[in-house]
Amino acid sequence: RAKKHLGQHFLTDQNIARDIVDSLSLEGYKKVLEVGPGMGVLTKFLLEKDVETYVAEIDNESIDYLKKHYPKLEEQHFVGDFLKTDIPTVFGDEELAVIGNFPYNISSQILFKIIDNFQYVPEMSGMFQKEVAERTSGIPRTKEYGILSVLVQAYYDVEYLFTVHENVFNPPPKVKSGVIRMTRNLKPGLAGNEVLFKQIVKAGFGQRRKKMSNSLKVLGIPEAISSHRFLDIRAEELSVADFIDFTNEWKSSLGV
Ligand code: SAM
């Protein structure tokens with residue numbers, strides 16, 4: 015029986031499972047980590063590929079099921095709770111792709127964890143609730159565009175691949191789902207200024223309806239950029255590149 019608190023909704027459509035797995039390029043890395051394999055609907059197709067499959071699953075019943083039905087999955091390739099998995103400790107310097115039909119209750123945490131480990135993760139394909147998939151791929155001046163869009167797109171190019179209907183899950187979730195692919199592409203100018211960048215993005219969208227001059231007050235806007243043109247508009251009007259430029263001007267105005 016599915017466990018609600020673990021976000022368990024098992025995909026029953028084999029074609030959709032195959033499409034998600036096939037969306038990985040499988041280029042430039044040899045390992046794939048699947049988050050939340052459940053009963054292995056994606057795992058089965060991954061195991062047919064020429065990659066080493068690792069699985070992060072916290073539900074013991076699912077783990078027992080996977081061990082029994084997928085003998086190709088090696089014992090030492092089970093890593094447990096994804097949010098508690100320290101990627102470089104488990105995988106060293108080796109790059110790996112991440113894939114999953116993710117547990118929707120921890121979608122943002124999963125995305126933030128991938129960003130924090132972007133140097134190890136060149137690619138990610140997976141399913142989130144549709145709204146999260148849309149926010150991740152959101153563009154300026156839309157209601158979907160926000161913290162998740164800017165932070166993810168600063169590190170990855172994001173493509174919204176397709177929408178998945180509730181009725182291909184057991185039990186069906188309350189909302190539609192969306193599959194996205196993220197391909198690493200660290201945007202120019204971000205390296206070295208990531209901490210300030212994240213603070214500015216989060217504070218900027220903290221008060222969506224207000225101009226940046228207002229929403230960034232909490233950070234203490236440096237005098238030297240207090241009449242910057244971006245301060246006169248709202249966060250949702252700024253592109254990812256604008257946020258990076260602004261961060262860099264902020265930083266250099268501090269003389270550091
Ligand atoms: N991949 C399967 C499928 O498509 O049918 C299951 C998907 S289900 C939406 C999400 C899965 O994530 C469940 O199997 C659940 O036990 C697992 N899960 C929940 N929290 C997790 C965590 N922190 N780390 C790893 N797996 C987790």
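To convert a position in the sequence shown, counted from 1, into our numbering, add 14. Ideal placement from N, C-alpha and C gives every residue a C-beta, glycine not left out. Everything numeric in this text was worked out from a predicted model, so none of it was measured.
Through-space distance from residue j to residue i, alpha-carbon basis
i	j	result
Leu97	Ile128	10 Å
Ala205	Asn262	10 Å
Gln213	Ile258	12 Å
Tyr170	Leu200	6 Å
Thr57	Thr26	13 Å
Lys44	Val65	5 Å
Gly203	Pro186	43 Å
Thr67	Thr150	26 Å
Leu60	Glu148	25 Å
Residues bridged to residue i [DSSP beta-bridge criterion]
i	result
Glu48	Val69 and Ile113
Ser191	Gln143 and Val178
Phe92	Val69
Asp171	Thr197
Leu25	Phe183
DSSP three-state assignment for residue i, whether helix, strand or coil
i	result
Asn184	strand
Tyr43	coil
Arg303	Outside the shown range of the chain (15 to 270) lies residue 303, about which nothing can therefore be said.
Val55	coil
Leu20	helix
Asp246	helix
Glu158	coil
Glu295	In this structure the chain extends from 15 to 270, so residue 295 is not present and cannot be described.
Lys224	coil
Glu62	coil
Glu137	strand
Residue i and residue j closer than 8 Å at C-beta
i	j	result
Glu109	Pro136	yes
Leu87	Lys63	no
Thr177	Lys224	no
Tyr159	Glu250	yes
Ser121	Val146	yes
Leu47	Ala70	yes
Gly218	Met226	yes
Glu173	Arg195	yes
Ser253	Pro154	yes
Proximity test, residue i beta-carbon vs the ligand SAH heavy atom, cut-off 7 Å
i	result
Ala147	Ligands displayed in this structure: the ligand SAM; the ligand SAH is not among them.
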